[in-house]
Amino acid sequence: MRKTYLLAAALLSMAAVNAQVSFGHIQNRIARDKNGINVFDVVKDSVQYEGLSVEIGAAFNMDFQAINSFNDQPVNFPAPSKITGYRVMNTENNFVLPAADMTIGAQLFDGVRVNLDIYLASRHHNDTYARGGYLQIDKLDFIKKDFLADVMKYATIKIGQMENNFGDAHFRSSDNGATLRNAFVGNNIMNAFTTEMGIELYYNRNGWVSMLGATNGNLNQGTQEVTFPTLSPATPDANTSVSPTILAKLGYDKQIDKDLRVRLTGSYYHNANLGNSNLYSSSRSGFGFWGVLNNSAYKNNGVDVPSNYNSTSTPEATFNPGFKNWATSYMINPFVKYKGIEFFGTAELASGGDKAGVDDKRTADQYAGELIYRFGKTEQFYIAGKYNTVSGKLSNADAQKVTVDRIESSIGWFMTKNIVAKLDYVNQNYRDYAQFTGNPATANANNFYGGKFNGLVFEAAISF
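Taken in order, the sequence shown gives residues 31 to 494; the numbers are from the working numbering.
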């Protein structure tokens, strides 16, 4: 964190000694405040280039959580299980650890800007670290004045280790301290989010939106050889390399009249040979609902089993299909806004391999719908409801699919365009999970067996 403060101070000092440096004249960026709600992909605006300009932004939130967890595990386990003293832990009604982000941007040339996003405080890491950064090119005048101007009027190039643009849902989701644009506290249960090194090419014209991108397939960068263990003589060659990720989006977004806007997009993600993470396990900060469906310490066959309280992330509140060899996902997102009423939907079909070196296919399907009514002179108030369900196998060996579904409702108030307060109710249920994690005689209890959690979260968020 000290390094971040020093960098901010250096920028301020640079502005003081160099009259050519200005603040805030940044072209073609999505606003981080209320004005950024329902803005997707990249934007083209009319901000004039006035030489080198820098900006510093931030986002942070604070939550008060009152949630309880339950499951169907018995008080006394029947034979052959020898589990004693098991119970699901409840959480205190209290504040959770706040999260904070910082953004440093600079307009380097007309149509060329750079952006660095930093997690100042997050649950998953003790230290400040970079979330990602990218270079965005909207003009090629640095090559020659008006070079390919007719093309770049509609095109944008993004290069860097950045939040990759798969689907539209991530534009409405929470990410560490940046929760202002999410009408709810939770994200989708199967949360598609990753930051990988790559390039994205956009071409948006006459309502049509399109994007084609590629990344190197790695969340964490490195040059070491990737070696998967040989599982059997029939498996592919154990020594292999990580494949690139291919991304694509195509859709139509039109303001029909002053009251009605309609948008529909389809997105594609594919990686033929996954690296050190996957699309559904790459959120490093966690979100939403903390400490749910954890167990207190108990005994199994006389052996002490420690408590499973996870305060650093939220795997219990999410669904990760755990693809480890290859993965393909399709996402369809309809969006309709009529006056103050808006609907946003997600239909997501994911498939992938089970283990490194094994190419068997299994699937996970997700459906979600949000209905929001915004009202007030500037639509500063809202009432919202959301239903989300995910179904899929966690491994090829499982006899049947499991299902997780959630009902979430929220009321919110934008006190200013930079400050929002929201009260969120959540009810999430887990269905068809096994009672034990293996043989009942020796295995531990599965916290998700008949699991559910429900309660309230009050969240205050600031972003600028």
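Using N, Cα and C, we set each Cβ at its ideal position, and we do this for glycine too.
Treat the numbers as computed from the prediction; the structure is a model and nothing was measured.
Beta-carbon separation (whole angstroms), residue i vs residue j, contact threshold 8 Å
| i | j | result |
| --- | --- | --- |
| Asp184 | Val72 | Per the sequence shown, residue 184 should be read as Tyr rather than Asp. 11 Å between Cβ atoms; not a contact. |
| Ser14 | Asn206 | No answer is possible for residue 14: the residues shown for the chain start at 31 and end at 494. |
| Asp168 | Gln57 | 7 Å |
| Ala330 | Ile113 | Reading off the sequence, residue 330 comes out as Asn, not Ala. The Cβ separation is near 5 Å, so the contact holds. |
| Phe373 | Gly399 | 7 Å |
| Ala491 | Val450 | 5 Å |
| Leu379 | Glu346 | Incorrect: roughly 24 Å between the Cβ atoms, too far for contact. |
| Asn145 | Asn484 | Rounded, the Cβ-Cβ distance is 38 Å, inconsistent with contact. |
| Gly135 | Asp171 | Not really, about 19 Å apart at Cβ, beyond 8 Å. |
| Ala88 | Phe365 | Not quite, the Cβ-Cβ distance comes to about 28 Å (not below 8 Å), so this is no contact. |
| Asn195 | Met241 | 6 Å |
| Lys407 | Asn65 | Contact doesn't hold; Cβ gap of about 15 Å is too wide. |
Residue from the options whose Cα sits closest to the Cα of residue i
| i | options | result |
| --- | --- | --- |
| Leu249 | Val142, Gly243, Met227, Asn234 | Met227 |
| Asp287 | Tyr455, Met182, Tyr368 | Tyr368 |
| Ser273 | Asp198, Thr358, Asp205 | Thr358 |
| Phe90 | Trp238, Arg291, Val105, Ala130 | Ala130 |
| Thr209 | Gln430, Ser425, Gly382, Arg62 | Arg62 |
| Val292 | Ala429, Trp238, Phe317 | Trp238 |
| Gln103 | Asn474, Asn484, Gly383, Val432 | Asn474 |
| Val118 | Thr408, Asn426, Asn340, Val434 | Asn340 |
| Gly442 | Phe172, Glu80, Phe214, Met92 | Phe214 |
| Gly352 | Arg392, Leu280, Gly87, Gly332 | Arg392 |
| Tyr310 | Lys431, Lys354, Asn484 | Lys354 |
| Thr121 | Phe405, Phe319, Ile67 | Phe319 |
| Asp462 | Asp435, Phe317, Val450 | Asp435 |
| Ile67 | Glu489, Tyr412, Asn459 | Tyr412 |
| Pro18 | Phe466, Ser493, Leu280 | The question about residue 18 has no answer here: the residues shown for the chain are numbered 31 through 494. |
| Leu424 | Gly370, Ile402, Lys447, Thr348 | Thr348 |
| Gly383 | Gly422, Thr408, Phe405, Leu401 | Gly422 |
| Pro128 | Gly406, Ser240, Phe94, Lys431 | Phe94 |
| Asn459 | Asp198, Glu230, Thr433, Ile189 | Thr433 |
| Ala96 | Gly87, Ser111, Leu304, Asn123 | Asn123 |
| Asn303 | Tyr328, Ser337, Asn246 | Asn246 |
| Asn221 | Thr419, Leu486, Leu138 | Thr419 |
| Asn338 | Asn476, Ser381, Asp389, Asn448 | Asn476 |
| His155 | Asp454, Lys431, Pro470, Ser313 | Ser313 |
| His300 | Gly375, Gly243, Asn236 | Gly243 |
| Phe70 | Asp389, Asn363, Leu486 | Asn363 |
| Ala199 | Asn448, Ser297, Asn457 | Ser297 |
Residue i in three-state terms, based on DSSP
| i | result |
| --- | --- |
| Pro345 | helix |
| Asp180 | helix |
| Phe100 | strand |
| Ala199 | helix |
| Gly66 | helix |
| Ala491 | strand |
| Arg211 | coil |
| Asp454 | strand |
| Met241 | strand |
| Glu255 | coil |
| Gly442 | strand |
| Asn206 | coil |
| Arg291 | strand |
| Val47 | Note that Val47 scores 43 on pLDDT, short of 50, meaning its location in the model is unreliable and no value can be drawn from it. |
| Ala398 | strand |
| Met192 | strand |
| Ala61 | coil |
| Ile276 | strand |
| Glu80 | coil |
| Pro266 | Model confidence at Pro266 stands at a pLDDT of 49, short of 50, so the residue's coordinates are unreliable; what they give is reported in the following sentence. DSSP places Pro266 in coil when its eight states are reduced to three. |
| Ile187 | strand |
| Phe483 | strand |
| Ser315 | coil |
| Tyr339 | coil |
| Ala475 | strand |
| Val73 | coil |
| Phe172 | coil |
| Val322 | coil |
| Met220 | coil |
| Asp334 | strand |
| Lys284 | strand |
| Ala357 | strand |
| Tyr463 | coil |
| Gly228 | strand |
| Tyr310 | coil |
Chain E contact for residue i (CB, 8 Å cutoff)
| i | result |
| --- | --- |
| Thr376 | Given the protein chain composition of this structure (a single chain), no chain E is represented. |
Legend entry - Cβ contact (3+ pairs, closer than 8 Å) linking the segment 159–172 and the segment 144–151: Taking one beta carbon from each stretch, the segment 159–172 and the segment 144–151 have 3 or more pairs nearer than 8 Å; the two touch.
Inset, instruction - Jot down the residue ranges of each uninterrupted beta strand (DSSP E) in the segment 109–160, minimum 3 residues, whole runs only, in chain order. - result: Taking 3 residues as the minimum length, the beta strand (DSSP E) runs contained wholly in the segment 109–160 are 129–139, 142–151, in order along the chain.
Inset, instruction - Write down every uninterrupted run of the beta strand (DSSP E) in the segment 409–436 whose length is 3 residues or greater and which is fully enclosed by it, in chain order. - result: Fully enclosed beta strand (DSSP E) runs of 3 or longer: 411–422.
Legend entry - Meets three-Cβ-pair contact criterion under 8 Å: the segment 474–485 and the segment 73–92: Cβ pair count under 8 Å is below three, so no.
Legend entry - beta strand (DSSP E) runs contained entirely in the segment 359–393, provided each spans 3 or more residues: Every beta strand (DSSP E) of 3 residues or more that sits fully in the segment 359–393 is shown, in chain order, as 371–383.
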